[in-house]
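Inspection log for the structure reproduced underneath, given as structure tokens.
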Amino acid sequence: MHIPVLLNEVIEYLNLASGKNIVDATLDGGGYALAILEKIGPEGKLLGIELDGELFKQTETKIHEAGFEKSAILVNDSYVNLKTICEEKKFEPDGIVFDLGLSSWHLEASGRGFSFKKDEPLDMRFSPAAAKTALGVVNQYGPEELEKIIGEYGEEQFAGSIARSIVKARREKPLMTTLELVKAIETSVPEWYKHRKIHFATKTFQAIRIEVNDELNNVKKGVAAAIDVLKKDGRLAVVSFQGLEDKIVKEIFKKEVKGGRIKLAVSGTIRPKWAEQRENPRSKSAKMKVAEKIKV
């Protein structure tokens, strides 16, 4: 079960109240959506967006079973298309929330190779309709390109040796599964690196996933679109889990504050309280930034 991170803070800072219209741009397992629907009551509407078709169906069923069928407009699409979706649905949001973290479902149950702990095909697509796969990235990208991706998107200090090891391993036979990739990474990092708290394959897997799904560009497009569609005095909350995404959100907010379209609803970054971190270790790296629209 995906546990929504910073849920109480999202509810508080979005100023949720009966009759408000809210967008959950990353519907995921419905953790935020169900809590939001409780708060906005029968008069308010939730527009929920989820890219992954399989996850979308599961969450749609969950929301309908909870009795919110009439209050929820659910769309199987990417949040990149947020502006178009709002226009088509004639939806004017009072608040928008993004959870940019990787879904627990993708890691544990999708079977698409997101986790280095399972032996699964190298896929890593959020949408099975997408053309690019982890299999293609790992087996077709040149060593310089792999090093660049692993270094920039994974912020991995051993990006060069990992890239060379992948290229060497695939010369013998293509790398088809997650564990084959983990083995290639393992042979390229020092012994001490294998015994740290963070698994030695974490950053490389993150980098490949970001490349496959074009995640950083999507964050730029999605957050920019959210600011466009928000009503005056509406709030935007963005929860991120890694530095690159947080930096993008920070830069967009800074630019829009300077341009006079938004103000920061909260100065700086909101982090989970110790009690939440203890209960849900996944929340430790979460950072939330909140903006308020002041000029249309």
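Residue numbers for the sequence shown follow the numbering used here, beginning at 5 and rising by one.
Even glycine gets a Cβ: it sits at the ideal position worked out from N, Cα and C.
Reduced DSSP secondary structure (H/G/I, E/B, other) of residue i
i      : result
ARG239 : strand
ASN284 : coil
ASP103 : strand
GLY164 : helix
VAL300 : coil
ILE189 : helix
PRO125 : strand
VAL27  : strand
GLU294 : Rather than Glu, the amino acid found at residue 294 in this sequence is Val. In the structure shown, VAL294 sits in a strand (DSSP, three-state: E or B).
LYS267 : strand
THR182 : helix
SER108 : helix
ASN19  : coil
LYS49  : strand
SER119 : coil
LEU78  : strand
ILE274 : strand
LYS289 : The residue you asked about is not Lys; residue 289 is Ser in the sequence shown. In this structure, SER289 counts as helix in the three-state DSSP scheme.
GLU215 : helix
SER244 : strand
GLU96  : coil
GLU58  : helix
ALA135 : coil
ASP250 : helix
GLY140 : helix
PRO147 : helix
GLU195 : helix
GLY35  : helix
GLU91  : helix
HIS203 : coil
VAL233 : helix
GLY226 : helix
ALA173 : helix
Neighbourhood of residue i by C-beta, 7 Å cutoff - its chain only, sequence neighbours within 5 removed
i      : result
ILE15  : ALA39, LYS43
PHE209 : PHE120
GLU151 : ALA163, GLY164, ALA167
GLY45  : SER22, GLY23
Beta carbon of residue i nearer than 8 Å to that of residue j
i      : j      : result
PHE245 : ALA290 : yes
LYS293 : VAL242 : yes
LEU51  : PRO97  : yes
LYS99  : ARG286 : The amino acid occupying residue 99 in the given sequence is Gly; Lys does not appear at that position. No, the Cβ-Cβ distance between GLY99 and ARG286 is not below 8 Å.
GLU13  : ILE274 : yes
ASP103 : TYR36  : yes
LYS224 : ILE256 : yes
ILE67  : LYS93  : no
LYS87  : ASP232 : yes
GLY33  : THR63  : yes
GLY247 : LYS299 : no
LEU20  : VAL101 : no
8 Å contact criterion, which residue i and residue j should meet: CB distance rounded
i      : j      : result
GLU69  : PHE60  : No, GLU69 and PHE60 are not in contact; Cβ-Cβ is about 15 Å, not under 8 Å.
GLY115 : ALA138 : Actually they are not in contact, since the Cβ atoms of GLY115 and ALA138 sit about 13 Å apart, beyond 8 Å.
LYS277 : LEU234 : Not a contact, Cβ separation roughly 27 Å.
LEU220 : ILE170 : LEU220 to ILE170, Cβ: 21 Å. No contact.
ARG168 : PRO147 : 6 Å
GLY48  : SER22  : 6 Å
Same chain only: Cβ atoms within 6 Å of residue i, ignoring 5 sequence neighbours per side
i      : result
GLY270 : According to the sequence shown, residue 270 is Val rather than Gly. The residues are VAL294.
LYS198 : PHE204
LYS288 : GLN281
PRO8   : GLY35, TYR36
ASN284 : ILE7
LYS236 : LYS297, VAL300
Cut-off 8 Å between Cβ atoms - residues of its own chain near residue i, not counting five sequence neighbours on either side
i      : result
ASP250 : SER244, THR273, LYS291, LYS293
LEU106 : PHE118, ARG213, PHE245
LYS207 : ILE154, GLY158, GLU159, GLU160
ASN222 : SER82, TYR83, VAL84
ALA134 : VAL216, ASN217
VAL186 : PHE120, ALA205
HIS110 : ASP56, LEU59, ARG116, PHE118, PHE130
LYS254 : LYS293
Residue-chain proximity (residue i, chain C), Cβ-Cβ < 8 Å
i      : result
GLU255 : In the displayed structure, chain C is absent; only one protein chain is listed.
Using a Cβ distance threshold of 8 Å, determine whether the region 133-151 contacts the region 175-184, with at least three qualifying pairs required. Touching, yes.
Between the region 121-136 and the region 155-166, can you find at least three pairs of beta-carbon atoms closer than 8 Å? Verdict: no, contact absent.
Are at least three pairs of beta-carbons, each pair with one atom in the region 15-31 and one in the region 74-90, less than 8 Å apart? Contact between the region 15-31 and the region 74-90 is present: three or more C-beta pairs spanning the two stretches fall below 8 Å.
Is there contact between the region 222-235 and the region 195-210, where contact requires at least three CB pairs shorter than 8 Å? Using a Cβ-Cβ distance cut-off of 8 Å, the region 222-235 and the region 195-210 are not in contact, since fewer than three pairs of beta carbons, one from each stretch, lie closer than that value.
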